[in-house]
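Note that UniProt numbering has the sequence shown beginning at 1, numbered continuously upward.
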Amino acid sequence: MQPCHCEFVSLRERRYHVRIWGENDAPTIFFLHGWGDVGASFQFVVDALQRKWRVIAPDWRGFGLSQWNEGAYMFTDYIADLDALLEHYSPDQPAQIAGHSLGGIVAGVYAGIRAQRVSRFANMEGFGLWVSAPGETPARLEQWLQQIRDNNSAFRNYTRREDYAKRLCRDNPRLTPERSAFLAEHSLLTLENGSDFTFAADPKHRWISPVLYPLEEAKACWRRVSAPTLWVAGRESVIMKRFDEHPDEYRERMACFADVREVRIDACGHNLHHDQPQAIAALLDDFFSPAHLAGESR
């Protein structure tokens, strides 16, 4: 395994846990994880990278070892957190970003809002945005208020990390026992009793979001993205199986990006970096290579 070091930084009055691989003088890539994941799970991809990179992978607020919110989680907070993260680690040059799922959604919207801050963007299944129906706001807010009142969300507890690792393998047959054991080590927190474990995330993430980020608004941001975009999907992904029934909708989303290249990975589900880290690493090595950057600067 490639060694890393971890640090805590203050971003927007939140204590953020950040994992960093590589040397400070190497080209930097920001890896942004999805919902229910942690920055450490990019270890498999980092181990397979052939070029020398400085990889920076935060735990989003409320996940892993980053600070929790006092209340609900808003999508716009992640956009602002990403802006603060880039300002902290890359204040003087545009960033190269690889985002998975939620991380890809956040980075894609951000790359349209602040196009000058993103030089290249690898979108790993960060295009499965929800579609809200007109008139659903009253019911959503009612449910949200009830969740605040009840305040009883919780994740399942485990007496052994091995039990969680076995569950991961059951849920995803493509996951090897070695990788599931690694994920169990970094995706669980020890409870106060010192013997049991629970998911390393604020249970309030299970609350319904009171404010949706509508698809059409996301598309408006995507159309402003100037960064070359690598669009990566797993052929066996649940998201892609849904899009197989609506291919026009899938193409419409991809077409919002001005400079986009699509790649589909065989024998791969939604968690591409868990299932096929070697294939993902090869794509990222090529996509973020200095040769591309040199060609774009001329």
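Glycine included, each C-beta is placed from N, C-alpha and C at the ideal position.
C-alpha gap between residue i and residue j, whole angstroms
i    : j    : result
C221 : G71  : 27 angstroms
L168 : R19  : 23 angstroms
H246 : L191 : 43 angstroms
F243 : N193 : 45 angstroms
L230 : H100 : 12 angstroms
K219 : E262 : 17 angstroms
M1   : D286 : 21 angstroms
W144 : F155 : 18 angstroms
A115 : P290 : 20 angstroms
V232 : G108 : 13 angstroms
R298 : R120 : Per-residue confidence for R298 stands at a pLDDT of 48, beneath the threshold of 50, marking its modelled position as unreliable; the derived number appears in the next sentence. Taking the straight line from one Cα to the other gives about 16 angstroms.
W130 : P214 : 7 angstroms
S153 : L102 : 21 angstroms
I56  : W21  : 7 angstroms
T76  : P173 : 34 angstroms
R12  : D150 : 28 angstroms
D25  : D248 : 43 angstroms
R170 : A98  : 27 angstroms
K241 : G234 : 10 angstroms
L272 : A281 : 10 angstroms
T28  : P177 : 30 angstroms
N69  : D92  : 30 angstroms
Residue i vs residue j beta-carbon contact at 8 angstroms
i    : j    : result
R117 : A95  : yes
F31  : F44  : no
E23  : R51  : no
A267 : E236 : yes
I79  : V106 : yes
F127 : R223 : no
K166 : Y73  : no
Neighbourhood of residue i by C-beta, 8 angstroms cutoff - its chain only, sequence neighbours within 5 removed
i    : result
E142 : none
Y16  : F8, V9, S10, P58, D59, R61, S66, Q67, D81 and L85
F197 : N157, Y158, T159, R160, R161, Y164, L188, L189, T190 and L191
V238 : G269 and H270
L283 : A122, L230, V232 and V263
R140 : I208, S209, P210 and L212
Proximal residues to residue i (C-beta, below 7 angstroms), its chain only, five neighbours per side dropped
i    : result
P3   : none
S132 : L212 and P214
G36  : A201
R179 : F44 and H274
V46  : Q2, W21 and V55
N260 : The displayed chain sequence assigns Val, not Asn, to residue 260. The residues are T229, W231 and M254.
S90  : T28
Buried versus exposed call for residue i [16 or more other C-beta atoms within 10 Å across all chains shown]
i    : result
E125 : buried
H5   : exposed
T137 : exposed
S195 : exposed
D202 : buried
R251 : exposed
G135 : exposed
A255 : exposed
Integer-rounded CB distance, given that residue j should sit under 8 angstroms from residue i
i           : j    : result
residue 304 : A200 : Summary: the structure shown does not reach residue 304, with the chain confined to residues 1 through 298, and so no result is reported for it.
H186        : A40  : 4 angstroms
H33         : L175 : At roughly 16 angstroms, the Cβ-Cβ gap does not stay under 8 angstroms, so H33 and L175 are not in contact.
P277        : A48  : 5 angstroms
A279        : A111 : Contact doesn't hold; Cβ gap of about 23 angstroms is too wide.
V225        : F257 : 6 angstroms
Own chain, CB closer than 6 angstroms to residue i, minus 5 neighbours either side, in chain order
i           : result
residue 346 : No answer is possible for residue 346: the residues shown for the chain start at 1 and end at 298.
Q147        : W207
Any chain C beta carbon closer than 8 angstroms to residue i
i    : result
R251 : The displayed structure is made up of one protein chain only, and chain C is not part of it.
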